[in-house]
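Taking it in order: structure first as structure tokens, then the write-up.
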Amino acid sequence: MYLLNRKQRHVVNYTWMIISLLLVAFLPFLLFIGLYFKSVLLLHDYSLFDLIFSKSWKPASGQFGFYPFIVGSVWVTLVSMLISAPICLLTAIYVTQYTRKNFLRIMHPAIDILAGIPSVVYGLWGILVIVPFISRYLGPWLDVKTMGYSILAASFVLSIMIIPFILNILIEIFKAIPMELKEAALSLGATQWQTIKHVLLKKALPGIIAAFGFGLARAFGETMAVLMVVGNVVKLPKSLFDPGYTLPALIANNYGEMLSIPKYDSALMFAALLLLAVSLFFNLVMHFFIVRYNKF
Amino acid sequence: MTRGQKIEEKFFKALMILATYFILAILAIIIYSIFEKGLRSISWEMLTQVPQGGYYYGKGGGILNAILGSLALAAGATLLAFIIGLPVALYINVFLIRHKKVINVIRFLLDLVWGIPSIVYGAFGFSLMIFFGLQTSLLAGILTVTLFVLPIMIRSMDEILRTVPIGLQEAAYSLGSNKSEIAFKVFTRQSISGIITAVLLSFGRAIGDAAAVLFTAGYTDHMPNGLLEPVATLPLSIFFQLSSPVPEVQNRAYASALVLTLIILIVSLFSRGLGKRYHKTKINF
Amino acid sequence: MDDKSKIEIRDLNVFAGKTQILKNINIDIPKNKITVILGPSGCGKTTLLKCLNRLTDLYPELKVSGQIMIDGNNILAAKEDIYKLRQQMGLLSQRPYPLPMTIYNNISYALKLRGIKNRRETHKLVMHYLEQANLWDEIKNRLREPASRLSIGQQQRLCLARGLAVNPEIILADEPTSALDPISSQFIEETFVRLKTDYTIVLVTHVLRQAKRIADNVVFMYLGDVIEQGSAEEVFGNPKMEKTRFYLSGTFN
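Protein chains in written order, with the numbering used here: chain A, 1 to 296; chain B, 1001 to 1285; chain C, 2001 to 2253.
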């Protein structure tokens, strides 16, 4: 009935498992090494400091200053976090502490749909709704001249995209707090809000910080949606209403033309390496943060 | 409770309600604007034809090439990720069950990989492609997207498999099964619905991602024909159509976005019907 | 009725959906005594305790009806100031749940909720309550450490001190020694016996020996019903009901 006997099948299965496992375990290192070797060409000629802090980006004449892109990425990431972090925290507290369980049954599918909508569709929605809103209403209202395609537009779209990601983690964290801890605080005569403020938030703090850290890392690497609404202008943005450029957008926009100049190719791979490093760093730190806290 | 405390609690509760309904309202607005714009411009022609000459200047045709391309690419990547992912998830939960430390390291690595942005995979896939002298193609796209969905696939299967009771494992041992038999027979059968959920989740991720395929799958106005040919994908077709200055073409982008969103909604509906939600981060106090 | 009753429970019914958890409960709990609520697990003891300080409010699926009179006031009817009401009772749960703060702040937080903000008074009272809970000598040099670093037995005594710090008249304890080692359990039991001169203590347990050691008054419950209640000598010495006798002889648990 079978081609192989039991023992042979065991060997085949086992080998298959080990090979797959090794592939997966070495994936982050592979990515890092691969991108590093592609960036060596650039790193050979320029110091890391120059690359990161030089403002001039002229690939054709051999100037590779990543500063405008880094600044753009940092702006977009931080502003989007400023928008989504309080919204997520408030919502997570509301749905876990104030509503009945049925409410989560509405909330979970809503979160899942938000999480499932592809990046490109978010970008399209940004162009349809957010960009015109900023250029036609918000800008004039605040007396700012703006195209709409701006750091603010990108931050807003991005903040919506990371809401499901952060919110999911936060809800899990608040659900994991034992009911008895709440009961303990209430039995001392604390009000529900005092219990939340003094006890639950404190208990959940490391988890909350980690959730925000994971969200930050995710926002930093988000490509398509940001690319579509951020404006893609290589200039240091002076205000939220200025257009900007981000690292992922830089890579995505130039994938065709880079092949003609080897250093350009290398520069884009260096940008990818930077993204990888930021992502790994944040996830690493947040991970140890949670582990440490749980022990103590 | 003093008056100040009451006002404070009311204030924050109001903020919470506001935040919650803000999220629901945003979701409604997104869904509404995509459906409203998309339904207006969608047509039978769009779903059944490939782009004609001059399509991007408003001439006739459709996006069938992108729909089929995306389905092929996502299906290929999901299948590959499944073939690599299932054994890893099984290995963790059957063979390493006594080595908690090793398991933790692997789970940690997987979570790290999960967090890497898809554009990084795209760039990596692209340089690998160049290294091996490959062209942009369906195969290159599949390989890149596989790497990208692999951690999602493994971690979601892992979460399901770790709930298989130890007793079941012991019972299987006592019947004389060896470990790989237990893994592939007992565990997979026990968690089949969870495994399907993981597959659907990965499929949804794979079909929606643009940044990883931008470099590797290429783009073509023809139907996908073969692993080594470039292939069109829905996210990219939305992106390209939207970049066109012609309003009609932009309208088609809205219709394409509707198609993509519908595919993803249907997939997530299926996986929801199948079973429990999957939570990435579990934190125990 | 005995005029020394601190708590009188009348016709208490609790439903969770369609299942009835407590069935027409009538209990009198005498003042300054240890009343042990005894019974096999799942008989509704914990729910009864939660009714006493209205923690049942936390679970919207529970429907509570009847009366619980504390010093003549029906607490189930109270709408305002459930917080004041809960401060009349100190709660000790099955496992210790110290607040995520320092040892010192676990107590001082309770004092703050009671309205005590003066630092010197706070100091004095923190020490006082830790002494009452038989903990002060062990931890007087560790007051600024997170409470989670204490051993389980110490944590439980810290929770007791915290419960006392709201200045209650009643102590509600829900199997407070079930997670503890024998020595810590003994500590808690001794503390209860000492405290009963000042407090009315309601102790839920399924450990028969513990009940025999410290109970003044016993309520035996089975599957949501009160089967028998009375003084410890009566119930243990001469049980009237067959179910009580079965339980006491260890036939079911």
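No residue lacks a Cβ here, since even glycine has one placed at the ideal position from N, Cα and C.
Predicted, not measured: the structure shown is a model, and the values here were computed from it.
*Can you tell me whether DSSP reads Ile117 (chain A) as helix, strand or coil?*
coil
*Segment contact, 8 Å Cβ cut-off, at least three pairs: the segment 152-165 of chain A with the segment 222-232 of chain A*: yes
*Taking only runs that begin and end inside the segment 2068-2129 of chain C, name each unbroken alpha helix (DSSP H) of 4 or more residues, in chain order.*
Those alpha helix (DSSP H) runs which fall completely within the segment 2068-2129 of chain C and span 4+ residues are 2082-2087 and 2103-2114.
_Thr146 (chain A) burial status per 10 Å Cβ neighbour count (16 or more: buried)_ = buried
*Buried or exposed: where does Ser1043 (chain B) fall if 16 or more other Cβ atoms within 10 Å of its Cβ makes it buried?*
exposed
*Is the CB of His198 (chain A) under 8 Å away from at least one CB in chain C?*
yes
*From the DSSP output, which residues share a beta bridge with Thr15 (chain A)?*
Its beta-bridge partners do not exist; DSSP assigns none.
*asked:* According to DSSP, Glu2228 (chain C) sits in a beta bridge with which residue or residues?
replied: C:Phe2220
*From Val2202 (chain C) to Gly189 (chain A), what does the alpha carbon distance come to, in whole angstroms?*
19 Å
_Between the CA atoms of Tyr1219 (chain B) and Pro1051 (chain B) - distance to the nearest angstrom_ = Answer to the nearest angstrom: the Cα atoms are 12 Å apart.
*What is the rounded straight-line gap between the Cα of Ser1237 (chain B) and the Cα of Tyr1121 (chain B)?*
20 Å
_Cut-off 8 Å between Cβ atoms - residues of its own chain near Gly139 (chain A), not counting five sequence neighbours on either side_ = Here the set comprises Lys145, Thr146, Gly148 and Phe241.
_Does any residue of chain B have a CB that is nearer than 8 Å to the CB of Thr223 (chain A)?_
yes
*Would DSSP call Gln63 (chain A) helix, strand or coil?*
strand
*At a CB-CB cut-off below 7 Å, which residues of chain B make contact with Lys38 (chain A)?*
In chain order, Ser1127 make up the part of chain B whose C-beta sits under 7 Å from the C-beta of Lys38 (chain A).
*Whole-angstrom distance between Thr2205 (chain C) and Ala2211 (chain C), CA atom to CA atom*: Straight through space, the alpha carbons of Thr2205 (chain C) and Ala2211 (chain C) are spaced by roughly 7 Å.
*Do we get a CB-CB distance below 8 Å when we pair Lys203 (chain A) with the residues of chain C?*
yes
_So with CB distances below 9 Å, who are the chain A contacts of Arg2114 (chain C)?_
Leu188 and Gly189
*Buried or exposed for Phe296 (chain A), please, with buried defined as at least 16 other CB atoms from any protein chain shown within 10 angstroms of its CB.*
The predicted position of Phe296 (chain A) is uncertain, since its pLDDT is 40 and thus under 50; a value taken from the coordinates is nonetheless stated next. The residue is exposed, with fewer than 16 neighbouring Cβ atoms inside 10 Å.
*Please go through the same chain and pick out, in chain order, the residues whose beta-carbon is closer than 7 Å to the beta-carbon of Gly204 (chain A), but skip the five residues on each side of it.*
Position check: residue 204 (chain A) holds Ala in this sequence, whereas Gly was assumed. Once the five neighbours on either side are set aside, the close Cβ partners of Ala204 (chain A) are Ile173, Phe174 and Ile177.
*Within 8 Å (strictly less), CB to CB, does Arg2119 (chain C) reach chain A?*
no
*Against chain E: residues of the segment 168-184 of chain A by CB proximity under 9 Å*: The structure shown contains no chain E; its protein chains are A, B and C.
*Please classify Glu2008 (chain C): does DSSP put it in a helix, a strand, or coil?*
strand
*Between the beta-carbon of Gly1115 (chain B) and the beta-carbon of Thr1144 (chain B), is there less than 8 Å?*
Between Gly1115 (chain B) and Thr1144 (chain B), the CB-CB gap reaches or exceeds 8 Å.
_Distance, Ala210 (chain A) Cα to His287 (chain A) Cα_ = 7 Å
_Where Tyr1057 (chain B) falls, given that 16 or more other Cβ within 10 Å makes a residue buried_ = Answer is exposed; the Cβ neighbour count stays below 16.
*Can you name the residues of chain C whose CB is closer than 7 Å to the CB of Arg100 (chain A)?*
Pro2060
_Sequence-distant residues of its chain with Cβ nearer than 7 Å to Ser1268 (chain B) (five each side left out)_ = Gly1204
*From the DSSP output, in three-state form, read off Ile1042 (chain B) for me.*
In the structure shown, Ile1042 (chain B) sits in coil (DSSP, three-state: anything other than H, G, I, E or B).
*If you measure from the beta carbon of Phe1295 (chain B) to each beta carbon in chain A, is any gap under 8 Å?*
Given a span of 1001 to 1285 for chain B in the structure shown, any question on residue 1295 (chain B) remains unanswerable.
_Residue-chain proximity (Asp45 (chain A), chain B), Cβ-Cβ < 8 Å_ = Nearest CB-CB separation between Asp45 (chain A) and chain B: not below the 8 Å threshold.
*So, using beta-carbon positions, are Tyr2083 (chain C) and Thr191 (chain A) closer together than 8 Å?*
yes
*What separation, rounded to the nearest whole angstrom, lies between the Cα atoms of Met1046 (chain B) and Ala1255 (chain B)?*
8 Å
*asked:* Please state whether the Cβ-Cβ distance between Leu276 (chain A) and Phe26 (chain A) is less than 8 Å.
replied: no
*Whose Cβ in chain A lies nearer than 8 Å to the Cβ of Ser1268 (chain B)?*
Asp112, Ile113 and Gly116
*Own chain residues within Cβ distance below 8 Å of Val12 (chain A), not counting five before or after*: Leu4
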